[in-house]
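Engineer: Got a structure for you, written out below as structure tokens; questions coming shortly.
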Amino acid sequence: MSQQVRMDVGPAIAAIDEKYEQKKQELDGKLATLQEKFDERHADKSADEKQALQAKLDQQFEALRAQFEQAQEQARQRALDEQARQMADLARNRDDGR
-17 MSQQVRMDVG PAIAAIDEKY EQKKQELDGK LATLQEKFDE RHADKSADEK
33 QALQAKLDQQ FEALRAQFEQ AQEQARQRAL DEQARQMADL ARNRDDGR
């Protein structure tokens, strides 16, 4: 029976990864749109000004991606924790039945 629980976490993790991959693609699309608007808005700036502004924008984009990856990892960890809890419950129930 514990093997059944162990097998169930794979699809749960795959579903989490699929959900976050879709969200990541949406985020990347939104960031690309923001980048286009940034490029249009700052087209008349000097190369140095543009480079400094782009560095700040890149830093903000990376922070968003890091938060996103952290949320995905937390969701995966919750699924693993739930599996461990279920396995412990099964073991406890098995021991109680002896």
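Here the working numbering is used: the first residue of the sequence shown is -17, the next is one more, and so on.
Glycine residues also receive a C-beta, built at the ideal position from the N, C-alpha and C atoms.
#1: Name the residue from D78, D63, N75 whose alpha carbon lies nearest to the alpha carbon of V107.
#2: Checking 8 Å against the spacing of the C-beta atoms, do K6 and F50 come in under that value?
#3: For the alpha helix (DSSP H) containing A37, name the first residue and the last one.
#4: Out of curiosity, what's the CA-to-CA distance linking Q41 and Q68?
#5: So what's A(-3) in DSSP terms, helix, strand or just coil?
Structural biologist: On the basis of the supplied data:
#1: The question about residue 107 has no answer here: the residues shown for the chain are numbered -17 through 80.
#2: yes
#3: 29 to 79
#4: Each residue's alpha carbon lies about 41 Å from the other.
#5: In the structure shown, the three-state DSSP call for A(-3) is helix.
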